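Below is one structure, written out as structure tokens, with a few remarks after it.
There are 2 protein chains.
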Amino acid sequence: MHINLRRFFPILDWGRTYDRKALSSDLIAAVIVTIMLIPQSLAYALLAGLPPEAGIYASIAPIILYAIFGTSRALAVGPVAVVSLLTASAIGQVAEQGTAGYAVAALTLAFLSGGFLVLMGVFRLGFLANFLSHPVIAGFITASGILIATSQLKHILGVSAHGHTLPEMLVSILAHLGEINWITMLIGVAASAFLFWVRKHLKPTLRNLGAGLLLADILTKAGPVAAVVATTLAVWAFGLDGKGVRIVGDVPQSLPPLTLPGLSPDLVGALLVPAILISVIGFVESVSVAQTLAAKRRQRIDPDQELIGLGAANLGAAFTGGYPVTGGFSRSVVNFDAGAETPAAGAFTAVGLAIAAMALTPLVYYLPNATLAATIIVAVLSLVDLSILRKTWGYARADFVAVAVTILLTLGLGVEVGVASGVVISVFLHLYKTSRPHVAEVGLVPDTQHFRNIHRHAVNTVATLVTLRVDESLYFVNARFLEDLIQNRVTQGCAVTDVVLMCSAVNDVDFSALESLGAINLRLKDMGVRLHLSEVKGPVMDRLKRSHFLDDMGGQVFLSQYDAWVQLSGKSTVTAPR
Amino acid sequence: MHINLRRFFPILDWGRTYDRKALSSDLIAAVIVTIMLIPQSLAYALLAGLPPEAGIYASIAPIILYAIFGTSRALAVGPVAVVSLLTASAIGQVAEQGTAGYAVAALTLAFLSGGFLVLMGVFRLGFLANFLSHPVIAGFITASGILIATSQLKHILGVSAHGHTLPEMLVSILAHLGEINWITMLIGVAASAFLFWVRKHLKPTLRNLGAGLLLADILTKAGPVAAVVATTLAVWAFGLDGKGVRIVGDVPQSLPPLTLPGLSPDLVGALLVPAILISVIGFVESVSVAQTLAAKRRQRIDPDQELIGLGAANLGAAFTGGYPVTGGFSRSVVNFDAGAETPAAGAFTAVGLAIAAMALTPLVYYLPNATLAATIIVAVLSLVDLSILRKTWGYARADFVAVAVTILLTLGLGVEVGVASGVVISVFLHLYKTSRPHVAEVGLVPDTQHFRNIHRHAVNTVATLVTLRVDESLYFVNARFLEDLIQNRVTQGCAVTDVVLMCSAVNDVDFSALESLGAINLRLKDMGVRLHLSEVKGPVMDRLKRSHFLDDMGGQVFLSQYDAWVQLSGKSTVTAPR
Chain L
1 MHINLRRFFP ILDWGRTYDR KALSSDLIAA VIVTIMLIPQ SLAYALLAGL PPEAGIYASI
61 APIILYAIFG TSRALAVGPV AVVSLLTASA IGQVAEQGTA GYAVAALTLA FLSGGFLVLM
121 GVFRLGFLAN FLSHPVIAGF ITASGILIAT SQLKHILGVS AHGHTLPEML VSILAHLGEI
181 NWITMLIGVA ASAFLFWVRK HLKPTLRNLG AGLLLADILT KAGPVAAVVA TTLAVWAFGL
241 DGKGVRIVGD VPQSLPPLTL PGLSPDLVGA LLVPAILISV IGFVESVSVA QTLAAKRRQR
301 IDPDQELIGL GAANLGAAFT GGYPVTGGFS RSVVNFDAGA ETPAAGAFTA VGLAIAAMAL
361 TPLVYYLPNA TLAATIIVAV LSLVDLSILR KTWGYARADF VAVAVTILLT LGLGVEVGVA
421 SGVVISVFLH LYKTSRPHVA EVGLVPDTQH FRNIHRHAVN TVATLVTLRV DESLYFVNAR
481 FLEDLIQNRV TQGCAVTDVV LMCSAVNDVD FSALESLGAI NLRLKDMGVR LHLSEVKGPV
541 MDRLKRSHFL DDMGGQVFLS QYDAWVQLSG KSTVTAPR
Chain E
1001 MHINLRRFFP ILDWGRTYDR KALSSDLIAA VIVTIMLIPQ SLAYALLAGL PPEAGIYASI
1061 APIILYAIFG TSRALAVGPV AVVSLLTASA IGQVAEQGTA GYAVAALTLA FLSGGFLVLM
1121 GVFRLGFLAN FLSHPVIAGF ITASGILIAT SQLKHILGVS AHGHTLPEML VSILAHLGEI
1181 NWITMLIGVA ASAFLFWVRK HLKPTLRNLG AGLLLADILT KAGPVAAVVA TTLAVWAFGL
1241 DGKGVRIVGD VPQSLPPLTL PGLSPDLVGA LLVPAILISV IGFVESVSVA QTLAAKRRQR
1301 IDPDQELIGL GAANLGAAFT GGYPVTGGFS RSVVNFDAGA ETPAAGAFTA VGLAIAAMAL
1361 TPLVYYLPNA TLAATIIVAV LSLVDLSILR KTWGYARADF VAVAVTILLT LGLGVEVGVA
1421 SGVVISVFLH LYKTSRPHVA EVGLVPDTQH FRNIHRHAVN TVATLVTLRV DESLYFVNAR
1481 FLEDLIQNRV TQGCAVTDVV LMCSAVNDVD FSALESLGAI NLRLKDMGVR LHLSEVKGPV
1541 MDRLKRSHFL DDMGGQVFLS QYDAWVQLSG KSTVTAPR
């Protein structure tokens, strides 16, 4: 019982050894992360199309719940760019941005996503996330980064534009170019340029000036805060909001409110698939961050328990005015680098954000949306990495196709179609590759007991004996290929009396392949040819023994290919019985 | 050019050596097959919900076109039970049975199916059929047999009933039980009993009476003809059609008419998916029959050319008043057993059927539908083979699940949902199996250079060295599994300094797995552990060399696992440099 509780509440694990040293490390990390999270949370809420406070609320309860249920000691949970984009795309289809229905749909999305994650965790279905291949994720993240950056252009230009795909957005922005607000654009471009400079050049500059590594790092991460402060002051001082610059405006001063997600069947039906997608993508991103950080301290995380932790965080977001959350890369790395030792650091961050929500929100009244858009653009452009196209092209064409299709369809048809197509095409390409396995006809290397490809090496062969080495597990997708291949090979050589399948690389033979082997055996019998197997692996042999195939087989099963050669060719230094 | 023509027109191949002996064999086979096909064609048209002549028309042009383009020498093309059921299910959704629109939809279905098959053949996409695993096909055929037999009960009982799923059909029959026509039922039950007896007992009885094997075979196959003649005479003699027995009635006396498939976008849109399904299922059934028969004479067929042959046959059906066709099992076996040597036998059968269509159709005026239903029921019950459930249960649970799901969903939700779910579930189960590959931790068998599982054998190990043998290709679905596994193993053993992945059964490493290996390598480095590879296959090594992974790897690539052991453990009879 005790052990069970610790499995489901990892807090019982690290909580009992919590000491003063860990406390001070966690407190320092929490202060740093809180400062970074305030502008980031406001910005991601803007990206999701929600009021700014939603971003802060989404960072409070979820962080605490993850601290209780999650297994990573450094992961920081909250709104992230890609999930915010997915949220905007999903709820944009059921409600108009700015309406009460829109915010309720965001809660529903978080609720469904949380429920799905918890279910996956309880039933230990974390492996389902593996269906997203690395190329598909990389292509999807890159395309999402481009989509997100483009979606923020309207805030930089001060125009109103719409659309969930790249062509829609570009057309919409071009149509509204006449409405550009030049002061907004000045603020947006200046903030973007400043943030790019901070990201690229501030850290080396500070280091040259003699700053410590940690200080330089913190100041660099605080760049967005500086941009927020400077542009807010500028708007306030010059009354720019009266000149058409859109500002954040009133943000309620309160702790996260208690909210209820909408659960009407229509709404749930419309958001179920997007919720699953958000869960899986959020989980994949979160686990890879958590695993990377855990390895640095020789710790481990439990992916199935992570599902429960992230699920609890999303359920928390659903009941406290937030929207879907996951473990974010940048905030987690900051948390880790700032020295967070336990999930308590997250809890302290939550306290910091709660104080900000109650006390500091009036300070962002004059904050221009263009500044938030600039922080988003600079942050997401680091996600855009088109080198994945070059890398996969050089390594494996199938992976290249998966990346290219995912990027093109995500940009052209939207995030949901893009990622779904990516999954389907990677599965298909994998099956296609294994549908035509590498099969080598082999012969005996002279003076050895080794067998090699007859087309690549000088080997001994016998006209009556064909030996084929299959370099793939046999299953339904390639079973018929083997039937064709053997039938073709044997109809070519009239002298053939024995066919040996060398199975050293066959890790599995499914029922379809078993039936194909049976068909091959019968057809060979009809041609007066015997079928033999050699070097069959233990688990495969156990399974074959449970069928009738071995009884019906014309030939034998040889432990080694050399045994088969000696007995069937009659040629060896040892005189074998024929 | 010459060779190309022979590839696309196999008739040029066998046509040039056609002689008097082949002619007489083919003529005899044609007469036998024609006699068998007349009742069968009428019955399958009834099953498809089409007028009886459609079944005969669908056997004439398609046979001739297949003779020109097909590669099998014995395959007999025409209406078959499962495809007739699929046709009824597909066009029942777009038109009312008995209307002109229904017959036109059947032509459209044949046209789309033919077009799709030709395209698959031209682009050599025959491998797509492999996505239907044997268990899915077996489950689908069995469930279809049950559905077909049930669908014919209404003709046996003389009631009108509807439905495309088993529950629908049973409920509908029960609701109409009050309308039973007892004379129809008498005919139907008697015909069924007679046909069952013929199928089970006539051949042994005849053989006991001294009949030759071929004669006994032919008389057995002619059973349906006898049932047709006897019941037709009974209806005519006693005027049973006036007592409510439904009869075939007027069948036009004509050669196949020239028809045009309907090509309105709505119709094409509604029938496209069913047409693809019919094509693939028809192709799979046809190829397996053709391949089995070809092997008996040490011949071969070309699956991609078969697609073109079957496609041409379906296009022929679309323009001559037919409906979708494929290579049938029973008719092909009869054709083969009767001695058909070339596709010319098929052409002669077509001539026989054309004569029947012109001259003999008045003779079937009084033929009761109940007799046709009886021939269908007896024929399809031989397709029902529930032993596939037992066989797959004993051999592999994943295959059992695929069969069970396919059968249940085909019966419960219809043929299209059933087979589509079967395909999806087999792909999913295959990926699931490979998502948790067998990984053995291995050690050195004393006094050898062999490595075996440490949990199964008494082997030597070293605390600083972990060697893992992965028995599966590494790709996106199992890449993360390996990451977790290695991280867990290394965090357990604090003394570990070296991890060797033994890759003798790894046939491929895709881009996702490459990135996972990269991540594993970095995380191990963070823990102060080196990653090594051993026994990497040539093609995998070639690919790894095209990436940066080998440059970044903490350890080395060893040609053999024994080399790795000697160098990393320092323990061997040979003193190795450390």
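Going down the list, the protein sequences come from chains L and E. Residue numbers for the first sequence follow this note's numbering, beginning at 1 and rising by one. Residue numbers for the second sequence follow this note's numbering, beginning at 1001 and rising by one. The C-beta atom is built at its ideal place from N, Cα and C for all residues, glycine as well. Quick caveat: nothing in here was measured; it's all calculated off a predicted structure.
Closest to residue i by CA distance: which of the options is it?
i: residue 1244 of chain E; options: E:1369, E:1361, E:1541; result: E:1369
i: residue 358 of chain L; options: L:197, L:565, L:256, L:209; result: L:256
i: residue 97 of chain L; options: L:519, L:45, L:72, L:67; result: L:45
i: residue 30 of chain L; options: L:21, L:76, L:49; result: L:76
i: residue 1401 of chain E; options: E:1120, E:1430, E:1054; result: E:1430
i: residue 1409 of chain E; options: E:1061, E:1146, E:1337; result: E:1146
i: residue 1126 of chain E; options: E:1566, E:1191, E:1190, E:1282; result: E:1282
i: residue 308 of chain L; options: L:54, L:528, L:62; result: L:62
i: residue 605 of chain L; options: L:320, L:195, L:211, L:313; result: Missing from the structure shown is residue 605 of chain L; chain L here goes from 1 to 578 and no further.
i: residue 19 of chain L; options: L:462, L:345, L:82; result: L:345
i: residue 231 of chain L; options: L:320, L:213, L:483, L:185; result: L:185
i: residue 1158 of chain E; options: E:1180, E:1032, E:1543; result: E:1180
i: residue 388 of chain L; options: L:306, L:263, L:28, L:135; result: L:135
i: residue 412 of chain L; options: L:171, L:12, L:71; result: L:171
i: residue 1528 of chain E; options: E:1546, E:1541, E:1555; result: E:1555
i: residue 1465 of chain E; options: E:1473, E:1450, E:1494; result: E:1494
i: residue 1461 of chain E; options: E:1038, E:1188, E:1442; result: E:1442
Which residues of chain B have a Cβ atom closer than 7 Å to the Cβ of residue i, listed in chain order?
i: residue 1562 of chain E; result: Protein chains in the displayed structure are L and E, and chain B is not among them.
Opposite residue i in the DSSP bridges: which residues?
i: residue 1465 of chain E; result: E:1462, E:1498
i: residue 247 of chain L; result: L:368
Give the secondary structure of residue i by DSSP, where H, G and I count as helix, E and B as strand, and everything else as coil.
i: residue 1009 of chain E; result: coil
i: residue 78 of chain L; result: strand
i: residue 1509 of chain E; result: strand
i: residue 534 of chain L; result: strand
i: residue 1283 of chain E; result: helix
i: residue 1577 of chain E; result: Interpretation of residue 1577 of chain E is limited by its pLDDT of 38, a score under 50 that renders its predicted location unreliable; the figure taken from the coordinates is listed afterwards. Of the three classes helix, strand and coil, the one that applies to residue 1577 of chain E here is coil, per DSSP.
i: residue 1557 of chain E; result: strand
i: residue 134 of chain L; result: helix
i: residue 547 of chain L; result: coil
i: residue 528 of chain L; result: coil
i: residue 1181 of chain E; result: coil
i: residue 164 of chain L; result: coil
i: residue 300 of chain L; result: coil
i: residue 98 of chain L; result: coil
i: residue 51 of chain L; result: coil
So does residue i have its beta carbon nearer than 8 Å to some heavy atom of the ligand ZN?
i: residue 1346 of chain E; result: With respect to the ligand ZN, the structure offers nothing, as it holds no ligand at all.
Mind checking the segment 64-81 of chain L against chain E and listing, in chain order, the residues whose C-beta falls within less than 7 Å of any C-beta there?
none
Chain E contacts from the segment 545-556 of chain L (Cβ-Cβ distance under 7 Å):
546, 547
Chain L contacts made by the segment 1416-1430 of chain E, where a contact means CB separation under 7 Å
1426, 1427, 1430
May I ask you to list, following chain order, the residues of the segment 467-481 of chain L that have a beta carbon less than 9 Å from some beta carbon of chain E?
471, 472, 473, 475, 476, 477, 478, 479, 480, 481
Which residue spans inside the segment 1305-1381 of chain E form an unbroken beta strand (DSSP E) run of at least 3?
none
Ignoring anything shorter than 3 residues, give me the beta strand (DSSP E) runs that lie fully in the segment 409-495 of chain L, in order along the chain.
439-444, 451-453, 465-470
What residues from the segment 526-538 of chain L come within 7 Å of chain E, judged by C-beta to C-beta, listed N to C?
526, 527
Which residues, in order along the segment 1300-1319 of chain E, keep a beta-carbon less than 8 Å from a beta-carbon of chain L?
1300, 1303
Give me the subset of the segment 127-144 of chain L whose CB atoms are less than 7 Å from a CB atom of chain E, sorted by chain position.
127, 130, 131, 133, 134, 135
Closer than 7 Å, Cβ to any Cβ of chain E: which residues of the segment 487-501 of chain L, in chain order?
487, 488, 491
Can you list the alpha helix (DSSP H) stretches of 4 or more residues lying completely in the segment 1193-1261 of chain E, in chain order?
1203-1208, 1213-1221, 1223-1238
In the segment 373-398 of chain L, which residues sit with their C-beta less than 8 Å from some C-beta in chain E, listed in chain order?
391, 392, 394, 395, 396, 398
Output needed in chain order: residues of the segment 444-460 of chain L with a Cβ under 8 Å from some Cβ in chain E.
none
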